[in-house]
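J.: If you use the working numbering, the sequence shown corresponds to residues 78 to 216, in order. Using N, Cα and C, we set each Cβ at its ideal position, and we do this for glycine too. Every value quoted in this text rests on a predicted model; they were computed, and no experiment measured them.
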Amino acid sequence: MKACIFEALENPIMNIPAELKYTEDHEWIKVEGDIATVGITDFAQGELGDIVYVEIETEGETIDAGEVFGTVEAVKTVSDLFMPLSGEIIEFNENLEDSPETVNESPYEDGWMIKIKISDSSEVENLMAAESYQAHIGG
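Next comes the structure, spelled out in C-alpha cells:
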C-alpha cells in the first residue's frame with residue numbers, strides 16, 4: 078500500500094480529480110446542489126502518514142468557512158480539519174470510527190469525512206480548481 082502512496086506523490090496530478098474543488102488547507106469538496114461532501118486530499122493523507130483516528134464531534138452544528146470542524150490523528154501528528162464552506166454538518170462518515178485508515182486507502186471515495194448543507198453557495202468561488210491546487214502543492 079505504501080508503494081501506491083509514493084507513486085501518487087511522484088505523479089500527483091492523477092490524484093487531484095478535476096471535478097472537485099480544493100482548499101489551501103488540503104481539503105477537497107464535491108458540490109452537488111446545496112450539499113457538499115468533504116475530505117482530505119491524497120497529498121494531505123500522504124504527508125500525514127498512517128491515519129489512526131478521525132475525530133468529528135460537530136455533526137448537526139453550523140460552522141463558518143475556515144473554522145475547525147474536527148481533527149485527524151496520524152501516528153506522529155494531529156491535524157485540524159477546516160471547514161471549506163459555511164454550512165451545517167449533516168453527516169459524518171461513521172465508517173471512519175472503526176476504519177480510519179480508509180482515508181489513506183481511498184481519500185476521494187470511501188474516505189470522505191463529512192457532508193454539509195451549504196449556507197452560502199457564493200463561497201464556492203473562493204475554492205481552488207484542480208489546476209490551482211496542483212500548483213499550490215508544487216506539482
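1. Flag this pair as yes or no: are the beta carbons of residue 132 and residue 116 separated by less than 8 Å?
2. Just to confirm, is the Cβ distance from residue 158 to residue 143 under 8 Å?
3. In the DSSP assignment, find the unbroken beta strand (DSSP E) run with residue 116 in it and report its ends.
4. Measuring straight from C-alpha to C-alpha, what distance separates residue 221 and residue 114?
5. Are residue 152 and residue 123 close, meaning C-beta to C-beta below 8 Å?
6. Could you check what DSSP says for residue 208 in three-state terms: helix, strand or coil?
7. Alpha carbon to alpha carbon, how far is residue 183 from residue 161? Give it in angstroms, no decimals.
T.: Inspection of the coordinates gives the following:
1. On the sequence shown, position 55 is the one that residue 132 refers to. On the sequence shown, position 39 is the one that residue 116 refers to. Cβ atoms of residue 132 and residue 116: not closer than 8 Å.
2. Here residue 158 refers to the residue found at position 81 of the sequence shown. Here residue 143 refers to the residue found at position 66 of the sequence shown. Not closer than 8 Å, so no.
3. If you number the sequence shown from 1, residue 116 lands on position 39. Start and end: 112-117.
4. Any question about residue 221 goes unanswered here, given that the chain covers just 78 to 216.
5. Along the sequence shown, read from residue 1 onward, the residue named residue 152 stands at position 75. Along the sequence shown, read from residue 1 onward, the residue named residue 123 stands at position 46. No, these two residues do not count as a Cβ contact at 8 Å.
6. Against the sequence shown, residue 208 aligns to sequence position 131. In the structure shown, residue 208 sits in a helix (DSSP, three-state: H, G or I).
7. Position 84 of the sequence shown, counted from the start, is the residue given in the question as residue 161. Position 106 of the sequence shown, counted from the start, is the residue given in the question as residue 183. Near 20 Å, if we compare the C-alpha coordinates of residue 183 and residue 161.
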